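Student: Position in the sequence shown (from 1) plus 12 gives the number in the working numbering.
Even glycine gets a Cβ: it sits at the ideal position worked out from N, Cα and C.
Keep in mind it's a predicted model, so treat the numbers as computed, not measured.
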Amino acid sequence: MTRDRTIHYIKTSTIEKLMLTAIREVSAYVREDEKEFIRIVRDAASAGQEQTAREKKKRLRQVEKRIGELDELIRKLYEGNATGKIPDKHFNRLLVEYDTEQSTLEQEAAELKEGITAQVEDGMRAQRFVSLVRRYTSFDELTAPMLNEFIEKVVVHEADKSTGDRRQKVDIYFNFIGCFVPPKPEVILTAEEEAKAQKVLAARNREREQNKLRMRRVREARRAAKVAEKVSLPAG
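1) Does the pairing of the region 181-196 with the region 36-55 give three or more beta-carbon distances under 8 Å?
2) Applying the criterion that 16 or more other CB atoms from any shown protein chain within 10 Å of the CB defines a buried residue, is Val-53 buried or exposed?
3) To the nearest angstrom, report how far apart Gly-248 and Ala-240 are at their CA atoms.
4) Does the structure place the region 157-171 close enough to the region 200-213 that three or more beta carbon pairs sit under 8 Å?
5) Could you pull the start and end residues of the beta strand (DSSP E) that Lys-181 belongs to?
6) Along the alpha helix (DSSP H) that carries Val-251, what are the first and last residues, could you check?
7) When the distance is taken between beta carbons, is Gly-127 closer than 7 Å to Lys-68?
8) Give every residue of the same chain whose Cβ lies closer than 7 Å to the Cβ of Leu-82, excluding the five residues on either side of it in the sequence, and list them in chain order.
9) What are the start and end residues of the alpha helix (DSSP H) that includes Ile-27?
10) Would you check if the distance between the CB atom of Arg-140 and the CB atom of Phe-188 is smaller than 7 Å?
11) Is the CB of His-102 under 7 Å away from at least one CB in chain D?
12) List the residues that DSSP assigns as beta-bridge partners of Asp-111.
13) In three-state DSSP terms, what is Val-193?
14) Could you check whether Ile-86 and Gly-92 sit closer than 7 Å to each other, using their CB atoms as the reference points?
15) Under DSSP, the beta strand (DSSP E) around Glu-153 begins and ends at which residues?
16) Among the residues of its own chain, which have a CB less than 6 Å from the CB of Glu-44, if the five just before and after it don't count?
17) If we count the other Cβ atoms within 10 Å of its Cβ and call it buried at 16 or more, is Val-142 buried or exposed?
18) Just the C-alpha distance for Pro-157 and Phe-151, rounded to the nearest angstrom, thanks.
19) Thinking just about the alpha-carbon of each residue, which of Arg-105, His-102, Ile-184 and Arg-66 is nearest to the one in Thr-129?
20) Kindly indicate which three-state DSSP category Lys-77 falls into: helix, strand or coil?
21) Cβ atoms of Leu-89 and Leu-106: under 7 Å apart, would you say?
22) Applying the 10 Å Cβ sphere with the 16-neighbour rule, what's the burial state of Ala-138?
23) Check for me: the beta strand (DSSP E) holding Ile-163 runs from which residue to which?
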């Protein structure tokens, strides 16, 4: 969940309030519609992963097939060497090649299986968070257990003044689901409300431009004063 603050330095107490508010809002959304919450989290986790999972499973089948073929080749290699059909020189060279290829493929197979398992577990993350929310009956205060169980990390960004106001972004990452932001219902303003909002925005923009103009004049006056100090007038 992302929060904006109009201050540069954020106190620990403020961070704690932000975390508690985030936990409350996400938990309220989970309790309101568990199925939709799980769908959103799973869709986000599976975006781009389905194709990757199919490719990993396909590659795993190819690797396991080749490992089986190498087992058979090595067996025949031993038989050929034992019967004298394959000289020791060729036997040793082929055995090293087969063993090296098989070891490499076995390592790849283990990594592919680990990746496939991790993707399956990703699909269970939403359900784990739901189970966590169900264990709590109250979110009145941020306790140490709540903090440890819900929050993975908090990222405080550098202050931004590009809009004319100083704003500081704080990203709150939850365990299992990451930086999740509950979707908000679309707000449809009436014509009167829209007109009022536009007036407020226009007034704010005018004030911002006036502030910029005043600051520009102050800077120009300061520069002029510095120039005047350096200019020496001839004696009359």
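Tutor: Here's the rundown:
1) Taking 8 Å as the limit for Cβ pairs, the verdict is that the region 36-55 does touch the region 181-196.
2) Classified as buried, Val-53 has 16 or more neighbouring CB atoms from the shown chains inside 10 Å of its CB.
3) At Gly-248, the pLDDT of 49 sits below 50, so the modelled position is not reliable and the matter cannot be decided from this model.
4) Using a Cβ-Cβ distance cut-off of 8 Å, the region 200-213 and the region 157-171 are not in contact, since fewer than three pairs of beta carbons, one from each stretch, lie closer than that value.
5) Where Lys-181 is concerned, the enclosing beta strand (DSSP E) stretches over 180-186.
6) The structure shown does not extend to residue 251, since the chain spans only 13 to 248, so no value can be given for it.
7) Yes.
8) So the list reads Tyr-110, Glu-113 and Gln-114, once near-sequence residues are dropped.
9) DSSP places Ile-27 inside the alpha helix (DSSP H), whose first and last residues are 24-44.
10) Closer than 7 Å, so yes.
11) Judged by its chain identifiers, the structure shown contains no chain D, having just a single protein chain.
12) According to DSSP, Asp-111 bridges with nothing at all.
13) Looking at Val-193 - three-state DSSP - the assignment turns out to be coil, as it is neither helix nor strand.
14) No. Outside cutoff.
15) For Glu-153, no beta strand (DSSP E) run applies, since DSSP gives it neither H nor E.
16) Hits under 6 Å: none found.
17) Around the beta carbon of Val-142, a 10 Å sphere encloses 16 or more other beta carbons of the protein chains shown; the residue is thus reported as buried.
18) Each residue's Cα considered, the two are about 12 Å apart.
19) Of all alpha-carbon atoms in Arg-105, His-102, Ile-184 and Arg-66, the one lying nearest the alpha-carbon of Thr-129 is that of Arg-66.
20) Note: Lys-77 maps to helix in three-state DSSP.
21) Taking 7 Å as the Cβ cut-off, Leu-106 and Leu-89 qualify as a contacting pair.
22) Buried.
23) Run containing Ile-163: 163-168, per the beta strand (DSSP E) assignment.
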